[in-house]
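What follows is a single structure, written as structure tokens, with notes after it.
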Amino acid sequence: SLQKERERQVALLRAELSAEREKEKLLEKRKREHETQQIVEIALQQGAQFASQLLSAVASPEVEKQLVNLLLKQLENLPIEKLEQLRSVNAGDINATIITSAYPLQSTTQQALKYACKASLSVNGEFIYRQDPAIIAGLRINIGAWVLATNLQDELAGFVTFNNDI
């Protein structure tokens, strides 16, 4: 009958409209989530930039020395699993360990770092010392594919990256 066909068509249209509304709600929700994520990312980048400027103003060889001491303590206290990982990588032929600092390192500090890397990580080969003011204060140690970092630049970058991973 014509009435039943009309009712069927109306019910079909209502179902289609309801599905379309649900689809629009989902799209709007995704759009809001994306906009919120963009705002969070911008805020984190601005926060890291502000912190970087602030820390650059107070960075000094003394701050770097404290960060070097922190790294040396961390090397002494690395869990055995992490040490074994690092040592297994270093069992290959690593020609050089590159230690980058924001400020010139005293020879006693260079020797302490060299000793710690050899003792804790079984690192052999040449030790190359570089300066890069961009790291603000602290150290970055490149051993093959591994990077050990205790510096303000990497910590700030890690802060932004960490939050994006959440």
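Residue numbering for the sequence shown follows our numbering, beginning at 2 and increasing consecutively.
Quick reminder that beta carbons are idealized off the backbone N, C-alpha and C, glycines included.
Does the beta carbon of residue i fall short of 8 Å from some heavy atom of the ligand ATP?
i: Glu127; result: With respect to small molecules bound, the structure shown includes none, and the ligand ATP cannot be examined in it.
What do you get for residue i, buried or exposed, if any count of 16 or more other CB atoms within 10 angstroms of its CB means buried?
i: Asn152; result: buried
i: Thr98; result: buried
i: Arg15; result: exposed
i: Gln4; result: exposed
i: Ala117; result: buried
Can residue i and residue j be called in contact, C-beta distance under 9 Å?
i: Ala103; j: Ile136; result: yes
i: Leu72; j: Leu140; result: yes
i: Lys66; j: Thr110; result: yes
i: Ser89; j: Ala138; result: no
Once DSSP output is grouped into helix, strand and coil, what is the label at residue i?
i: Gly48; result: helix
i: Ile167; result: Because the pLDDT at Ile167 is just 48, under 50, the model does not fix this residue reliably, and the value given afterwards should be weighed accordingly. Here Ile167 sits in coil by DSSP.
i: Val11; result: helix
i: Ser2; result: coil
What is the residue span of the alpha helix (DSSP H) that residue i lies within?
i: Val69; result: Pro62 to Glu77
Please report the residue range of the beta strand (DSSP E) in which residue i lies.
i: Ile144; result: Gly139 to Ile144
i: Ala150; result: Trp147 to Asn152
i: Ile129; result: Glu127 to Gln132
What are the start and end residues of each continuous alpha helix (DSSP H) run of 4 or more residues lying completely inside the stretch 91-122, in chain order?
Entirely contained in the stretch 91-122, the alpha helix (DSSP H) runs reaching 4 residues are, in chain order, 108-122.
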